[in-house]
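Here numbering that gives the first Met the number 0 is used: the first residue of the sequence shown is 0, the next is one more, and so on.
C-beta: ideal position from N, C-alpha, C; glycine also.
Okay, structure first, notes after.
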Amino acid sequence: MWPLYAAGFTTAFGAHGIAASLGGFSEDAVTSLLILGGLLALYDGAEVLLKPVFGTLADRIGARPVLLGGLVAFAAASAVYAIADSPGWLWAARLGQGAAASAFSPSASALVARLNPAAKHGRAFGGYGFYKSIGYTLGPLLGGVLVWAGGLRLLFTVMAVLAAAVALWAALAVSVVPPLPKARQTVLDLARRLTSRTFLAPTAALAGATAALSVGVGFLPVSGRAAGLGTVATGAAVSLLALTAAVVQPKAGRALDEGRLTTREGLSAGLLITAAGLGCAMLPGLLGVLTGATLIGAGTGLITPLGFAALAASTPRERLGQTMGSAELGRELGDAGGPLLVAAVATATTLTYGFAALAVLLAIGPLLALRRRPA
Numbered sequence: 000m001w002p003l004y005a006a007g008f009t010t011a012f013g014a015h016g017i018a019a020s021l022g023g024f025s026e027d028a029v030t031s032l033l034i035l036g037g038l039l040a041l042y043d044g045a046e047v048l049l050k051p052v053f054g055t056l057a058d059r060i061g062a063r064p065v066l067l068g069g070l071v072a073f074a075a076a077s078a079v080y081a082i083a084d085s086p087g088w089l090w091a092a093r094l095g096q097g098a099a100a101s102a103f104s105p106s107a108s109a110l111v112a113r114l115n116p117a118a119k120h121g122r123a124f125g126g127y128g129f130y131k132s133i134g135y136t137l138g139p140l141l142g143g144v145l146v147w148a149g150g151l152r153l154l155f156t157v158m159a160v161l162a163a164a165v166a167l168w169a170a171l172a173v174s175v176v177p178p179l180p181k182a183r184q185t186v187l188d189l190a191r192r193l194t195s196r197t198f199l200a201p202t203a204a205l206a207g208a209t210a211a212l213s214v215g216v217g218f219l220p221v222s223g224r225a226a227g228l229g230t231v232a233t234g235a236a237v238s239l240l241a242l243t244a245a246v247v248q249p250k251a252g253r254a255l256d257e258g259r260l261t262t263r264e265g266l267s268a269g270l271l272i273t274a275a276g277l278g279c280a281m282l283p284g285l286l287g288v289l290t291g292a293t294l295i296g297a298g299t300g301l302i303t304p305l306g307f308a309a310l311a312a313s314t315p316r317e318r319l320g321q322t323m324g325s326a327e328l329g330r331e332l333g334d335a336g337g338p339l340l341v342a343a344v345a346t347a348t349t350l351t352y353g354f355a356a357l358a359v360l361l362a363i364g365p366l367l368a369l370r371r372r373p374a
């Protein structure tokens, strides 16, 4: 499992570490907002398009080869800019990184499910989410230090070495998991499975959690600056959010495995806690920023391992890659849709109403479920 945890850390560190450093203060940093936005969208766009494709490929040829190929491709794409050092190759490197992450991220999730019995899925996904959250937490900090020390080329060099090392480790340590025989699946069968409640409910919860996480990381510093807080305080709030999510995930997974928490209860509670965190973010000053960050982190940390464990439990083992890739697509849509919703509402009104809009959206589902639940 440790190489899979390292793969989760790599994709998170690569996504946030480079994204937070592209507009830094080095000589090769991106100075145009239009180019910066294009580079950020290029990585996420590749993931949205390719994750379901590589998830299906993992089911067909096995998740381990797709994992290894994705890590090697990520290392090669990172090395492209580290060696070439030109703006054109930076676009190629980001596109390659996004495509490679689309391969090894759902493959790693599928292997987490295949290599652990169902009774330990909560704990396994909790550990995987913990190290992924650590990558999100340390990515901007370590990326900024590397860019300060040697520019973007040094950061891309470190990413290339990290991905290559994890690929070698996975090749030596991860067990061979052959693809399972599966019955022929029509487009109608796929559509029926991806529109069933057992898929849509946890995927929607994961998308909502990712939307709130993205909004917290992007907009809590804006709210803090409006209240007169400095960059240190707002940066600490973002780190608190990611750290809380990292700490909660293993505990939530352990509670699920031990029967102290059900998937339905956990996902509903996680969405309500996340909505409460967005509500607290509406409060002015440091109190609103810190309580908002803590509750958003706790809610998303509760949802993530339970959502993936629910998907693994309801999916035929021979279709795990396809399901994980499709669920990752839902998360990417939440990652993009949450900030867009908050930004649109905030532009028309204020940021306070933007937080309120997303909070209401997240709370609708679990509140309706509680209302329909028999006494």
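Where the alpha helix (DSSP H) containing residue i begins and where it ends
i: lysine 131; result: 120-172
i: glutamate 264; result: 262-279
i: glycine 69; result: 62-83
i: glycine 87; result: 86-113
i: threonine 9; result: 1-18
i: proline 201; result: 196-225
Test item: CB-CB of residue i and residue j under 8 angstroms
i: threonine 273; j: leucine 361; result: yes
i: leucine 16; j: glycine 138; result: Note on residue identity: the sequence assigns glycine, not leucine, to residue 16. Taking 8 angstroms as the Cβ cut-off, glycine 16 and glycine 138 qualify as a contacting pair.
i: alanine 308; j: threonine 262; result: yes
i: proline 220; j: leucine 310; result: no
i: serine 106; j: valine 65; result: yes
i: proline 304; j: glycine 258; result: no
i: alanine 208; j: isoleucine 302; result: yes
i: alanine 211; j: threonine 348; result: no
i: alanine 40; j: phenylalanine 155; result: no
i: leucine 332; j: alanine 206; result: yes
i: leucine 3; j: leucine 110; result: yes
i: glycine 278; j: glycine 215; result: no
i: alanine 226; j: glycine 276; result: no
i: tyrosine 42; j: glycine 97; result: yes
i: glycine 68; j: valine 79; result: no
i: leucine 271; j: proline 365; result: yes
i: alanine 117; j: alanine 326; result: no
i: alanine 123; j: methionine 0; result: yes
i: leucine 21; j: tryptophan 90; result: no
i: lysine 119; j: glycine 7; result: no
i: glycine 269; j: methionine 158; result: no
i: alanine 74; j: alanine 166; result: yes
i: alanine 169; j: leucine 70; result: yes
i: alanine 236; j: leucine 289; result: yes
i: arginine 224; j: aspartate 58; result: no
i: arginine 316; j: arginine 113; result: yes
Residue i classed as buried or exposed, judged by whether at least 16 other C-beta atoms fall within 10 angstroms
i: valine 175; result: exposed
i: alanine 374; result: The predicted position of alanine 374 is uncertain, since its pLDDT is 47 and thus under 50; a value taken from the coordinates is nonetheless stated next. So alanine 374 ends up on the exposed side.
i: tyrosine 127; result: buried
i: tyrosine 352; result: exposed
i: arginine 196; result: exposed
i: arginine 63; result: buried
i: leucine 260; result: buried
i: leucine 239; result: buried
i: glutamate 46; result: buried
i: alanine 162; result: buried
i: serine 213; result: buried
i: leucine 85; result: For clarity, residue 85 is serine in the given sequence; the question names leucine instead. Answer is exposed; the Cβ neighbour count stays below 16.
i: leucine 286; result: exposed
i: alanine 204; result: buried
i: glycine 87; result: exposed
CB contact check: residue i to chain C, cutoff 8 angstroms
i: threonine 290; result: You won't find chain C in this structure, because it holds only one protein chain.
Own chain partners of residue i with C-beta closer than 6 angstroms, once the 5 adjacent residues on each side are dropped
i: glycine 54; result: Pro105, Gly320, Gln321, Met323 and Gly324
i: alanine 72; result: Ala99
i: threonine 10; result: Ala100 and Ser104
i: leucine 153; result: Leu145
i: alanine 358; result: Ala274, Leu277 and Gly278
i: glycine 306; result: Pro201, Ala204 and Leu205
i: phenylalanine 354; result: Leu277, Ala280 and Met281
i: threonine 233; result: Pro220 and Gly223
Sequence-distant residues of the same chain with beta carbon closer than 8 angstroms to residue i, five excluded per side
i: isoleucine 60; result: Pro178
i: threonine 136; result: Ser238, Ala241, Leu242 and Ala245
i: alanine 356; result: Leu340, Val341 and Val344
Nonlocal neighbours in the same chain, by C-beta distance under 7 angstroms from residue i, ignoring five residues either side
i: alanine 92; result: Ala76, Ser77, Val79, Tyr80 and Phe155
i: glutamine 248; result: Gly125, Gly128, Phe129, Ser132, Gly300, Thr303 and Pro304
i: leucine 141; result: Gly16
i: leucine 350; result: Phe218, Val221 and Ser222
Contact test: residue i Cβ vs the ligand SAM heavy atom, cutoff 7 angstroms
i: aspartate 84; result: The ligand SAM is not part of the structure shown, which contains no ligands of any sort.
Open item on the list: My parser needs the alpha helix (DSSP H) runs of 4 or more residues fully inside the segment 282-347; what are they?
Closed with: If we require 4 residues or more, the alpha helix (DSSP H) runs fully inside the segment 282-347 come out as 284-313 and 319-347.
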